[in-house]
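Protein chains in written order, with the working numbering: chain A, 1 to 456; chain B, 1001 to 1456.
Quick look at the structure:
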């Protein structure tokens, strides 16, 4: 299957090219330039092709609590009371409902321009806390939802051992917890085998956090991830209470603990990494690890602001995640990465790479949202260079949110102003995503009605 | 003209009603309840009616610099270098181009659910700094653009006297400056007369700021505004440099200066009001003045965070503005009002009115975006109660950003999650807005090409 996509503009490798064609063969970009004679040409009028966006950290099932933790918020509400509301959903979802909720979430991702998701999934067991006949039952449901919509997906199967250091068991976590790192790794290997035939689905290892996993778990899982070439994702330093626990148990902050355990390297993604001291930043940078910021969720949960400028200066990489999926707009996450620092520093453009650089602020933030996510998930691509997967979006240059922009400003306009109405098409591996939206919404509404007793 | 609008849900007075009809007669809501026999019924399936959104502070012409100040941002860029870029556009726009740019901006507002705009307009003179034959030429162009799209508009004609206290004249402000408060007030009275026949256009007085207007100007204009019943809008305490100037000239911060000049009362709107001390907050609260926050622009410009919780506690009112129109999404502004405080306080929901209150956080923030804006502009309405203007939006309950929400969660879902794709229709005074989008975009692109020499 060979096709030349011919829009007005193509963004490739951070540059915006006019009058070029994107040549795609078997799901891969083969070249950018003139369309060769004889090849099928897909003309895209008044349109630009941009790299697909990557949510490197998602909990799809949390779509079920969207808005329901806001109206009911109380003045004394905080991250930990929000977590109780989330547990209420997690405790009840049937496999069918989990699949319907996840499909809704992934469908909205596709509409918002996301082509690849890192699904950090920690619901494994049944409502009583017993393994399903297939211990990957729920993981496979979520995977099926993503692949049904057509997204490229990296299923980050989560290891969860305990409520926390010196904390009593929390029965609301009964669906997350497995018995041992051996059991977890066996299940993850089985999951990998189950998706082997699908070129668009892979797996990764995800010890939940230093709170939920003791050091032995993290060390063993990180060792196996290294042997298997899996990306390694963990929640790191999201909330002050979590840091205090880590220091009480290990005497250091989470990044230094990971370093000590051999779990901090260039295939590691530290999700959130909001509360860091200078030594933490140095460790993440020296390891060339990725920090996955989830600013839209981090502002919702009152987590705080990722010090993206300090992390980049230290050598760390960045990616973005939609996390709780309270709002699905990864370009909003990209702009917040800079905007939250502007609010903190009362200055403009702290992440601007400096005058005269080809990759200006818009290009840099867009790359975090695309390439940065792919790297974070252990995948090549994200920049639409020759040889990379043909994962892209087609945006409408006449959409009111983009209209009138100059070629050189396209990436800045996309990052700072694009609305979802501008996203005309989403393509993954050279295939256009066209899921059955009406059915997805109907099934989701039914699941929500079962879960909460009322859904309009 | 009498019609009953029959959606699934109607939000009126902060409450969400099912199975009711919104009865509209001559542009006004007459009742909410059963549709009387014989009246034309407009069925809106899978839809909710919500109050129209109000941008109480806009500079429509700044749509022309969208994205163009981001890519070109430099590490040393700040509010004041951004202002130079804005001046480059302001200095060149012809009346036709100003109208085309404004129409583009207002069209996007309509698509985003805004029904009423407070246009804070300070371009009055020609490119050489001379008055046009009609000194309201440019003001009338902007007004015509808003009314052509169909928005309700309050034209806040700006008074601009000088670059600042003890600052030399800035030739880039030559189109803003008029000779005296008398000249300004004469022009404003003429503008009011010119729009008298239009029930959807009114005017307001707007001394630009304590930087750009000396005390005598503010006192005289505020006095006339009181006599005429005009709303009084000013930029207040947006940037630290502006405060320093005010203290040097007057020995107090801007809010206390306004109080001293008789310019701080319940018809006053202090736009931004980011940098306030405790005495400033007390003065704004005691006056029952409105603070118009513009968080999306304030984050873009690195202005800082509006202390909305302290202002509410002191008795001040709140409204929202899209200001630079870098991004047109007033519900994003509404959520940022709470979110920026969450990031600052590392807590959830600082603006939640407290447990057990009918007007939960979503309802409160929505009301700031609708009712708060109308009050700020001196207009009744914004809540769709009987007797108020029939300015509303129709949102799609099956849109993926809203799907599955419960009736009680509708306002929280709208404030925290709604994407523009959910906005199906926008109605002002009982009339549906259906501007010619293709023509508006084409004209805008031509204006941008003339202005900058390149627009895709």
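C-beta: ideal position from N, C-alpha, C; glycine also.
Considering only the beta carbon of each residue, do residue i and residue j sit closer than 9 Å?
i	j	result
residue 262/A	residue 288/A	no
residue 1203/B	residue 1155/B	yes
residue 85/A	residue 1404/B	no
residue 161/A	residue 212/A	yes
residue 426/A	residue 115/A	yes
residue 275/A	residue 240/A	yes
residue 1137/B	residue 1095/B	yes
residue 1321/B	residue 1102/B	no
residue 165/A	residue 214/A	yes
residue 1022/B	residue 1411/B	no
residue 15/A	residue 1409/B	no
residue 106/A	residue 59/A	no
residue 270/A	residue 237/A	yes
residue 1366/B	residue 1111/B	no
residue 351/A	residue 338/A	yes
DSSP beta-bridge partners for residue i?
i	result
residue 47/A	396/A
residue 404/A	Paired residues: none, contrary to the question.
residue 1323/B	1058/B
residue 92/A	Paired residue(s): none; residue 92/A is not in a bridge.
residue 457/A	Lying outside 1 to 456, the shown extent of chain A, residue 457/A is not represented and no answer is given.
residue 1272/B	1236/B
residue 428/A	431/A
residue 1155/B	1119/B, 1203/B
residue 11/A	16/A
residue 1257/B	According to DSSP, which records beta bridges pairwise, residue 1257/B is partnered with nothing at all.
State buried or exposed for residue i, treating a residue as buried only when at least 16 other CB atoms are found within 10 Å of its CB.
i	result
residue 19/A	exposed
residue 439/A	exposed
residue 173/A	buried
residue 1167/B	exposed
residue 445/A	buried
residue 6/A	buried
residue 1127/B	exposed
residue 1010/B	buried
residue 73/A	The predicted model places residue 73/A with a pLDDT of 46, which falls under 50 and marks its position as unreliable; any figure quoted below should be read in that light. Counting Cβ neighbours within 10 Å, residue 73/A comes out buried, since at least 16 surround it.
residue 43/A	exposed
residue 369/A	buried
residue 1220/B	buried
residue 180/A	exposed
residue 436/A	exposed
residue 196/A	exposed
residue 313/A	exposed
residue 1227/B	exposed
residue 419/A	buried
residue 295/A	buried
residue 41/A	exposed
residue 217/A	buried
residue 1066/B	buried
residue 453/A	exposed
residue 304/A	buried
Please check the pair residue i and residue j, which I expect to be a contact at CB under 8 Å, by giving their CB distance rounded to whole angstroms.
i	j	result
residue 1372/B	residue 1324/B	Their Cβ separation, rounded to whole angstroms, is 20 Å, which puts residue 1372/B and residue 1324/B out of contact at 8 Å.
residue 4/A	residue 396/A	Incorrect: roughly 20 Å between the Cβ atoms, too far for contact.
residue 1328/B	residue 1093/B	About 19 Å separates the two Cβ atoms, so there is no contact after all.
residue 150/A	residue 433/A	4 Å
residue 1143/B	residue 1090/B	At roughly 18 Å, the Cβ-Cβ gap does not stay under 8 Å, so residue 1143/B and residue 1090/B are not in contact.
residue 430/A	residue 109/A	Not quite, the Cβ-Cβ distance comes to about 19 Å (not below 8 Å), so this is no contact.
residue 302/A	residue 1342/B	4 Å
residue 1013/B	residue 1377/B	In fact, because the Cβ distance is near 19 Å, the residues do not count as touching under 8 Å.
residue 1125/B	residue 1175/B	5 Å
residue 29/A	residue 387/A	7 Å
residue 1428/B	residue 1152/B	5 Å
Complete runs of the beta strand (DSSP E) confined to the segment 1166-1238 of chain B [at least 3 residues] = Entirely contained in the segment 1166-1238 of chain B, the beta strand (DSSP E) runs reaching 3 residues are, in chain order, 1201-1207, 1232-1236.
Quick one: which unbroken alpha helix (DSSP H) runs of 4-plus residues sit fully inside the segment 287-333 of chain A? Chain order, please.
-> Runs of the alpha helix (DSSP H) inside the segment 287-333 of chain A: 295-300, 308-314.
Any beta strand (DSSP E) of 3 or more consecutive residues that is wholly inside the segment 86-153 of chain A = The segment 86-153 of chain A contains these whole beta strand (DSSP E) runs: 114-121.
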